[in-house]
Amino acid sequence: MTKEELDGDRIFVLHDFLSGGECSSLIQYSEDLGYEPAPVGDVVAPEVRNNERVIIDDAVLAAELFLRARPFLPAMIDDEIPVGFNERFRFYRYGPGHRFKPHPDGAHNQLELCEESLLTFMVYLNDLVEGGETNFYASVENVSCDLPCRCVRPKTGAALVFLHRIWHEGAAVRSGRKYVMRTDVMYGRPAPRPG
């Protein structure tokens, strides 16, 4: 596994985070569960996003993948350290014409544990697709002018990691099917030192 920084620790890629076999198994698993239209919040809004999703909660998978990713994650953000992955995984399927317009990602808070998500952790499960890039924008103004500053093409097994607050989009797929698996990196305050 190698880390490619696109904008320091704000946007980076972990190449070969998952093997091709792991990706194929996850695609089949998600297909077996069955996809549904992906909402924006609680409402299906195809004018904003028209892809499909499956949600699973898996503490074991979250723990395994966090151990694999941890050496490459920012050691500290806003005085908080990485403590785990969100156990909720979202699998997204994009067919021809499917996209997710520019947006920042929402944070997940676990108040009882004093943890909050700060990073999106998205793994491309396949790359046999035309289009479907993830485009990043430097600011909201760049979104309205359609001026992305970074473009990441799907690559099987690559994990794209970025701060939730960065504006980005899932560009329209032109042909093929794109599969991604998304979770969040949870951060929390370090435990006080004894003494």
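Start counting the sequence shown at 39; every next residue gets the next number (the working numbering). Ideal Cβ positions, reconstructed from N, Cα and C, are used throughout, including at glycine.
Are residue i and residue j touching if we call contact CB-CB under 7 Å?
| i | j | result |
| --- | --- | --- |
| ASN164 | TYR217 | yes |
| MET160 | LEU64 | no |
| GLU118 | ASP95 | no |
| PHE138 | GLY208 | yes |
| GLU144 | LEU56 | The residue you asked about is not Glu; residue 144 is Gly in the sequence shown. Cβ distance not < 7 Å, so GLY144 and LEU56 don't count as in contact. |
Exposed or buried, residue i, counting other C-beta atoms within 10 Å across all chains shown (16 or more means buried)?
| i | result |
| --- | --- |
| PRO140 | buried |
| ILE49 | buried |
| THR40 | exposed |
| ALA113 | exposed |
| ALA97 | exposed |
| SER68 | buried |
| ASP80 | exposed |
| ASP76 | It is Ala, not Asp, that sits at residue 76 in the sequence shown. With 16 or more other Cβ atoms within 10 Å, it is buried. |
| LEU151 | exposed |
Which value, in whole angstroms, describes the spacing of the CA atoms of residue i and residue j?
| i | j | result |
| --- | --- | --- |
| GLU102 | GLU42 | 22 Å |
| GLY226 | ASP116 | 10 Å |
| ARG215 | GLU154 | 32 Å |
| LEU52 | PRO120 | 16 Å |
| GLY72 | VAL92 | 7 Å |
| SER62 | PHE200 | 24 Å |
| CYS189 | GLY170 | 10 Å |
| PHE123 | PRO134 | 30 Å |
| ALA107 | TYR175 | 25 Å |
| GLY46 | GLN148 | 27 Å |
- Return the chain-ordered ranges of every beta strand (DSSP E) run that is complete within the segment 82-126 and spans a minimum of 3 residues. With a minimum length of 3 residues, the continuous beta strand (DSSP E) runs that stay inside the segment 82-126 are 90-95, 119-123.
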